[in-house]
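Participant: Can you read through this structure? Questions will come right after.
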Amino acid sequence: MQPGLIYLIGPSGHPNFGDEFITAAWLRYLAVARPDAQVWLDCPQPGTASVLFDGLHPNLRITNTLWRLVHENAERPVEEIAETVTSRVTHLGSPTYDLGLLKLREAESLHLLGGGYINDNWAHHTGLIHAMRAVRTLTGARLYATGQGLMPALGQGMPAPELFNDFDVVSARDDAGAEAYGVTRGLDDAFLGVTEEIARSQFSDALYVCIQSDTVEAERFDAAVDVARKAVEAALGQRRKVYYVEAVPGGDRAAYERLADLIPEEHFLPFVHLWEHGLPLSAYQTWVTSRFHFHLLAAAAGGKGIAVGMKKGYYDIKHESVAALGSGWALALGDDTPSMPSEPGQLSANLPALVAAKRAEAERLYPAATPAAPVPAAAARFLGGSIGGVLKNKFAR
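According to full-length UniProt numbering, the stretch in the sequence shown is residues 1 to 397, in order.
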């Protein structure tokens, strides 16, 4: 393996604001902690990703080797995907893959970035993990997985508690995932970049809306739009401005079309605007959103809101994990239409400790040239006696 070659794996490039935000946060961190390292990002859409992350790390290279291998076998049973991917990584034999697979053997570490893409909704994505394990068998490379959204738990293929057996570090972003897979309860990877995002853009008192149309049944989509409409009408009645923000181009436009009689086109903020200028965040705003990372980031800035669940066993667990950190938001997970909270939660007050806890995890994975500072006492409680202890034990072995 090549010392310093860092191999990141994530679902970037579609684009999706949350996925892109997490990848950008890790690249910015590595640009400071490991500026001389060669960093490879393996993602589904390397062309788009190369534009999104241009300039974030001086030695960034982007490919789709593992994602292409997994997607080309996606229709097979999960057990066959595991066997096929492991065999291909181990034995090579295909000119369309071999150069990319040989590059994997140069990596000192392979890191599955955070997000909700390893679970029973997309069980074929476990092929990524089998590929990582195959590389470790060949070279001894370290394996990391951070901030994972692992629910709903896998119901096919390798039993969930065995999936990450060969990994050096694994953290799940919610209690349910940590328990089902027997891994450390950690924090979402977005906490690595939240402080900088809050500083990018300050918007005044307004209501911000985003309701997705992907991975949701039509009846639930209609109900979610109704929740948003009531909040928009109430805000307009108070003479407040209302904006619609787009996390996924196209997928988030459908709800806006249903609300366009209330929200003018000039108040539609597309993904490109958010990426170039920052997500509008401040403690003076309110939100209605189904997007998990908008809930997390807006609450971290002190905003109040209603988080709308779109798929039981998946989005409800996501939003509940942010509520458990003290977002203070109302959760619209069923047929109810909760009122907008009158006071913010404690998440923004706890943010420095949460960020310190996430950075402590990052520093253990990728130590900077100078020793990392001790974890503050306030941050240690968010490590739950688990992230810090488990990481220390893993690296001490």
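Virtual Cβ for every residue (Gly too), placed ideally from N, Cα, C. Since the structure is predicted, the reported quantities are computational estimates derived from the model, not experimental observations.
Note down the Cα distance separating Ile118 from Asp222, rounded to an integer number of angstroms.
Facilitator: The residue you call residue 118 lines up with position 118 of the sequence shown. The residue you call residue 222 lines up with position 222 of the sequence shown. If I take the Cα positions, the gap works out to 28 Å.
Participant: Below 8 Å CB to CB, which residues in the same chain sit around His267 once its five sequence neighbours on both sides are set aside?
Facilitator: Sequence index remark: in the sequence shown, residue 267 carries index 267 (1-based). Cβ neighbours of His267 beyond the five flanking positions: Lys241, Val242, Tyr243 and Tyr244.
Participant: Do you know whose CA, among Asp226, Gly10, Ala255 and Gly251, lies nearest Asn64's CA?
Facilitator: By 1-based counting over the sequence shown, the position of residue 64 is 64. Considering only alpha carbons, the answer is Gly10.
Participant: Taking just the CA atoms, how far does Ala180 sit from Leu296?
Facilitator: As a first step, residue 296 must be located in the sequence shown, where it is residue number 296. As a first step, residue 180 must be located in the sequence shown, where it is residue number 180. Spanning the two alpha carbons is a distance of roughly 23 Å.
Participant: Lys304 by DSSP, collapsed to three states: which one?
Facilitator: What you label residue 304 is simply residue 304 of the sequence shown in a count that begins at 1. Lys304 falls in the strand class under three-state DSSP.
Participant: Using C-beta distances below 6 Å, list every residue in its chain close to Ser327, excluding the 5 sequence neighbours before and after it, in chain order.
Facilitator: The residue given as residue 327 occupies position 327 in the sequence shown. Taken in chain order, the residues that qualify are Ala299, Gly345 and Leu347.
Participant: Count the C-beta pairs between the region 26-42 and the region 52-67 that are closer than 8 Å, then say yes if the count reaches three, no if not.
Facilitator: The answer is yes - the region 52-67 touches the region 26-42, with three or more Cβ pairs under 8 Å.
Participant: On a Cα-Cα basis, can you pick out the residue from Ser12, Gly13 and Asn350 that is closest to residue 441?
Facilitator: Nothing about residue 441 can be read from this structure; the chain reaches only from 1 to 397.
Participant: Could you give the DSSP three-state label for Arg68: helix, strand or coil?
Facilitator: Numbered from its first residue, the sequence shown carries residue 68 at position 68. Helix at Arg68.
Participant: Is Val248 helix, strand or coil by DSSP?
Facilitator: Residue numbering aside, residue 248 sits at position 248 when the sequence shown is read from its first letter. Val248 falls in the coil class under three-state DSSP.
Participant: Rounded to a whole number of angstroms, what is the C-alpha to C-alpha distance between Leu279 and Lys304?
Facilitator: For the purposes of this step, residue 279 is taken as residue 279 along the sequence shown, with counting starting at 1. For the purposes of this step, residue 304 is taken as residue 304 along the sequence shown, with counting starting at 1. If I take the Cα positions, the gap works out to 15 Å.
Participant: Compute the Euclidean distance between the alpha carbons of Leu101 and Ala362, then round it to the nearest angstrom.
Facilitator: Locating residue 101 in the sequence shown gives position 101, where the first residue counts as 1. Locating residue 362 in the sequence shown gives position 362, where the first residue counts as 1. About 26 Å.
Participant: Looking at C-beta atoms only, is the number of pairs between the region 20-33 and the region 101-117 that lie closer than 8 Å three or more?
Facilitator: Enough Cβ pairs lie closer than 8 Å, so yes.
Participant: Below 8 Å between beta carbons: does that hold for Ala49 and Gly18?
Facilitator: By 1-based counting over the sequence shown, the position of residue 49 is 49. By 1-based counting over the sequence shown, the position of residue 18 is 18. Not a contact, by the Cβ cut-off of 8 Å.
Participant: For Asn16, count neighbouring C-beta atoms within 10 Å of its own C-beta (all shown protein chains included) and say buried if the count is 16 or more, exposed if not.
Facilitator: As a first step, residue 16 is located in the sequence shown; it is residue number 16 there, counting from the start. Buried, since its Cβ has 16 or more Cβ neighbours within 10 Å.
Participant: Look at the alpha carbon of Arg253 and the alpha carbon of Glu246, and state the distance between them as a whole number of angstroms.
Facilitator: Looking up residue 253 in the sequence shown gives position 253. Looking up residue 246 in the sequence shown gives position 246. Roughly 7 Å between the two C-alpha positions.
Participant: Could you have a look at Leu41 and say whether DSSP puts it in helix, strand or coil?
Facilitator: The residue given as residue 41 occupies position 41 in the sequence shown. In this structure, Leu41 counts as strand in the three-state DSSP scheme.
Participant: Count Cβ pairs between the region 151-160 and the region 63-83 that sit closer than 8 Å; are there 3 or more?
Facilitator: Judged by Cβ distances under 8 Å, the region 151-160 makes contact with the region 63-83, as three or more pairs qualify.
Participant: Between the alpha carbons of Trp67 and Val169, how many angstroms are there, rounded?
Facilitator: Within the sequence shown, residue 67 is the residue found at index 67, counting from 1. Within the sequence shown, residue 169 is the residue found at index 169, counting from 1. The alpha-carbon atoms of Trp67 and Val169 are separated by roughly 21 Å.
Participant: Could you name each continuous alpha helix (DSSP H) segment of 4 residues or more that falls completely within the region 2-28, going from the start of the chain to the end?
Facilitator: DSSP runs (the alpha helix (DSSP H)) wholly in the region 2-28: none.
Participant: Nearest to Trp122 by alpha carbon, out of Ser94, Gly147, Tyr97 and Leu154?
Facilitator: Locating residue 122 in the sequence shown gives position 122, counting from the first residue. Answer by Cα proximity: Leu154.
Participant: What would DSSP say about Arg220, mapped onto helix, strand or coil?
Facilitator: Residue numbering aside, residue 220 sits at position 220 when the sequence shown is read from its first letter. It is helical.
Participant: Are the Cβ atoms of Ile211 and Val308 separated by less than 8 Å?
Facilitator: One-based indexing of the sequence shown puts residue 211 at position 211. One-based indexing of the sequence shown puts residue 308 at position 308. Yes; because the gap between Cβ atoms is below 8 Å, this pair is in contact.
Participant: Report the three-state DSSP secondary structure of Phe167 (helix, strand or coil).
Facilitator: Residue 167 sits at position 167 when you count from the first residue of the sequence shown. DSSP places Phe167 in coil when its eight states are reduced to three.
Participant: At what residue ranges does the region 146-199 contain a whole run of the alpha helix (DSSP H), taking only runs of 4 or more?
Facilitator: With a minimum length of 4 residues, the continuous alpha helix (DSSP H) runs that stay inside the region 146-199 are 175-181.
Participant: Would the beta-carbon of Lys318 be found less than 7 Å away from any heavy atom of the ligand MG?
Facilitator: With respect to small molecules bound, the structure shown includes none, and the ligand MG cannot be examined in it.
Participant: Starting from Ile62 and walking both ways along the beta strand (DSSP E), at which residues does that stretch end?
Facilitator: Locating residue 62 in the sequence shown gives position 62, where the first residue counts as 1. Here the beta strand (DSSP E) through Ile62 covers Leu60 to Thr63.
Participant: Tell me, please, which residues DSSP counts as bridged to Leu236.
Facilitator: Start at 1 with the first residue of the sequence shown, and residue 236 comes out as number 236. Bridge partners of Leu236: none, in fact.
Participant: List the endpoints of the continuous beta strand (DSSP E) containing Tyr208.
Facilitator: Mapped onto the sequence shown, residue 208 falls at position 208. Segment Ala206 to Cys210, the beta strand (DSSP E) holding Tyr208.
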